[in-house]
Amino acid sequence: MDDRQEPHESAVFVFEHDVRDDEIDVLGHVNNLAYLKWMQSAAVAHSSACGWTTERYLESGGGWVVRSHKIEYLNSALANDTVVVRTWIAGFKKVTSLRRYQIVRKLDQAVLAEAETNWAFIGFEHRVPRRIPQEVIEDFRRYQASVDS
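Rendered as structure tokens:
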């Protein structure tokens, strides 16, 4: 993921998580699947902060599904760590959106992983891709602008 450009700081949504005992594997570090859960939680929290809660997506008849994930693990998260998931929207296309993540250990700011998720917007009724509503895009941009001011 070396083609990645750092976003403007205001575009970044920050989500913190305290590592739980059930996330530690037999090797003594956080299981790789936990990173996916943190990414999902950060994306949902960011969307909610932009005004797009689960309920609002249900009311609108459409929402996001994952097309693909890409994760590069760089360092291990350990028991008792607090991790910070930094996430931002790298761009919107007609029916897809690329979201990027950087996961760091809060204590020493060590980068634990860098990742991205390619999301597709679908209509819930037929479960097929649908154009991302302009309102969704505008609300994400408006949230970013409100953080800037």
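Residue 62 in our numbering sits at position 26 of the sequence shown, and the numbers go up by one each step.
All C-beta atoms in this analysis are idealised placements derived from N, C-alpha and C, irrespective of residue type, glycine included.
{"query": "Own chain, CB closer than 7 Å to Asn154, minus 5 neighbours either side, in chain order", "result": "Arg103, Ser104, Thr132 and Leu134"}
{"query": "For Asp38, the three-state DSSP class (helix, strand or coil)", "result": "Note that Asp38 scores a pLDDT of 48, beneath 50, so its modelled location is shaky; the value from the coordinates is reported in the next line. Coil at Asp38, not helix or strand."}
{"query": "Meets three-Cβ-pair contact criterion under 8 Å: the stretch 136-145 and the stretch 119-126", "result": "yes"}
{"query": "Inter-residue spacing [alpha-carbon to alpha-carbon] between Asn67 and Leu114", "result": "10 Å"}
{"query": "Ala146 - containing beta strand (DSSP E), residue span", "result": "Premise fails: Ala146 is in no beta strand (DSSP E) and is neither H nor E."}
{"query": "Sufficient close CB pairs (3 or more, under 8 Å) joining the stretch 158-177 to the stretch 85-99", "result": "yes"}
{"query": "Cα-Cα separation, Leu92 to Ile158", "result": "This sequence places Arg at residue 92; Leu is not what is there. Each residue's Cα considered, the two are about 14 Å apart."}
{"query": "CB of Gln180 within 8 Å of CB of Ala47, strictly", "result": "yes"}
{"query": "Run of the beta strand (DSSP E) containing Leu63, from where it starts to where it stops", "result": "First-last for Leu63: undefined, no H or E at that position."}
{"query": "Classification of Glu174 by the beta-carbon crowding that lies within 10 angstroms, buried from 16 upward", "result": "exposed"}
{"query": "Start and end residues, alpha helix (DSSP H) containing Thr123", "result": "Note, Thr123: premise wrong, no alpha helix (DSSP H); beta strand (DSSP E) at Thr118 to Phe128."}
{"query": "Member of Thr90, Glu52 and Gln76 whose CA lies at the smallest distance from the CA of Phe160", "result": "Thr90"}
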